[in-house]
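Trainee:
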Amino acid sequence: MKTRIRSFTAPLPYVLYWDANFVVNFAYEAARYFLECADFLTRLDESQTTSYVSTLTMDEACFVLLRLKVEEDHKPARFWDVYNADPSVIEHYVDELQDLTEGIYTHPRIRLVGTEPSFALEALAHMRAFHFLPRDAYHLATMFHYGIDSIITLDADFLAVPEINIYTCVPAILEQA
Numbered sequence: 008m009k010t011r012i013r014s015f016t017a018p019l020p021y022v023l024y025w026d027a028n029f030v031v032n033f034a035y036e037a038a039r040y041f042l043e044c045a046d047f048l049t050r051l052d053e054s055q056t057t058s059y060v061s062t063l064t065m066d067e068a069c070f071v072l073l074r075l076k077v078e079e080d081h082k083p084a085r086f087w088d089v090y091n092a093d094p095s096v097i098e099h100y101v102d103e104l105q106d107l108t109e110g111i112y113t114h115p116r117i118r119l120v121g122t123e124p125s126f127a128l129e130a131l132a133h134m135r136a137f138h139f140l141p142r143d144a145y146h147l148a149t150m151f152h153y154g155i156d157s158i159i160t161l162d163a164d165f166l167a168v169p170e171i172n173i174y175t176c177v178p179a180i181l182e183q184a
């Protein structure tokens with residue numbers, strides 16, 4: 008099966024895996040693709056599609072959101088400089104991250120999934136096959152373990168995988184369709 012690139016207006020699959028960049032973009036109003044991702048999230052909410060969100064996705068999204076918000080509130084300082092000087096700086100953002108996480112965890116059409124020990128070897132195989140960094144390789148191993156062949160992502164790296172459908176709003180990726 009050839010990689011199929013789908014726009015956010017394409018027919019939805021029965022099941023769909025969320026990459027962390029989708030979560031970041033619908034949860035952070037200053038994100039480059041906030042409107043597109045927020046609209047797609049609404050479309051998913053109104054559909055019969057079951058979304059799979061991994062604990063890896065949540066870990067990655069929460070960290071990126073935390074970094075973005077700390078840097079936004081402490082310009083021009085970088086996240087690690089602010090955090091290393093005062094780790095308690097994150098307290099201000101934890102409630103918002105909790106609301107996001109609880110919204111995802113309690114959504115009736117979202118299944119939260121974790122990783123298994125066997126995913127480590129599968130991820131290494133994906134790193135070799137597709138030149139993925141470890142996190143994307145784990146996402147792919149998670150997708151395949153649950154029989155999912157469609158992903159929402161803003162990451163062109165997934166174009167290397169020949170047997171998946173990519174739902175995206177990124178013009179540079181859509182142009183490759």
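The sequence shown begins at 8 in my numbering and counts up by one.
Glycine is no exception: its CB is placed at the ideal position from the N, C-alpha and C atoms.
(1) Rounded to whole angstroms, how far is the Cβ of residue 150 from the Cβ of residue 158, which I believe are closer than 8 Å?
(2) If you follow the beta strand (DSSP E) that residue 12 is in, where does it begin and where does it stop?
(3) Nearest CA to the CA of residue 123: which residue from 110, 145, 137, 98?
(4) Look up residue 8 in the DSSP assignment and say whether it is helix, strand or coil.
(5) Comparing alpha-carbon positions, which option in 47, 59, 37, 50 lies nearest residue 152?
(6) For residue 96, which option in 108, 148, 73, 116 has the closest C-alpha, if you only look at C-alpha atoms?
(7) Distance check for residue 83 and residue 20, CA to CA, integer angstroms please.
(8) Which of the three DSSP states is assigned to residue 118 in this structure?
(9) Does the Cβ of residue 130 have 16 or more other Cβ atoms within 10 Å, making it buried, or fewer, making it exposed?
(10) Take every Cβ of the segment 43-59, pair it with every Cβ of the segment 133-140, and state whether three or more of those distances are shorter than 8 Å.
(11) When the Cα atoms are used, what is the spatial distance from residue 64 to residue 27?
(12) Could you compute how far the alpha carbon of residue 242 sits from the alpha carbon of residue 183?
Mentor: On the basis of the data shown:
(1) Their Cβ separation, rounded to whole angstroms, is 6 Å, which keeps residue 150 and residue 158 in contact under 8 Å.
(2) Here the beta strand (DSSP E) through residue 12 covers 11-13.
(3) It is 145 whose Cα lies nearest to the Cα of residue 123.
(4) Confidence at residue 8 is low in this model, with a pLDDT of 44, below 50, so its placement is unreliable and the value that follows should be read with caution. Coil at residue 8, not helix or strand.
(5) That would be 59, whose Cα lies nearest to the Cα of residue 152.
(6) The option with the nearest alpha carbon to residue 96 is 73.
(7) Rounded to the nearest angstrom, the gap between the Cα atoms of residue 20 and residue 83 is 42 Å.
(8) Of the three classes helix, strand and coil, the one that applies to residue 118 here is strand, per DSSP.
(9) Residue 130 should be labelled buried.
(10) No, because fewer than three Cβ pairs between the segment 43-59 and the segment 133-140 fall closer than 8 Å, the two stretches do not touch.
(11) Rounded to whole angstroms, residue 64 to residue 27 spans 5 Å at the Cα level.
(12) With the chain running from 8 to 184 in the structure shown, residue 242 is simply not present.
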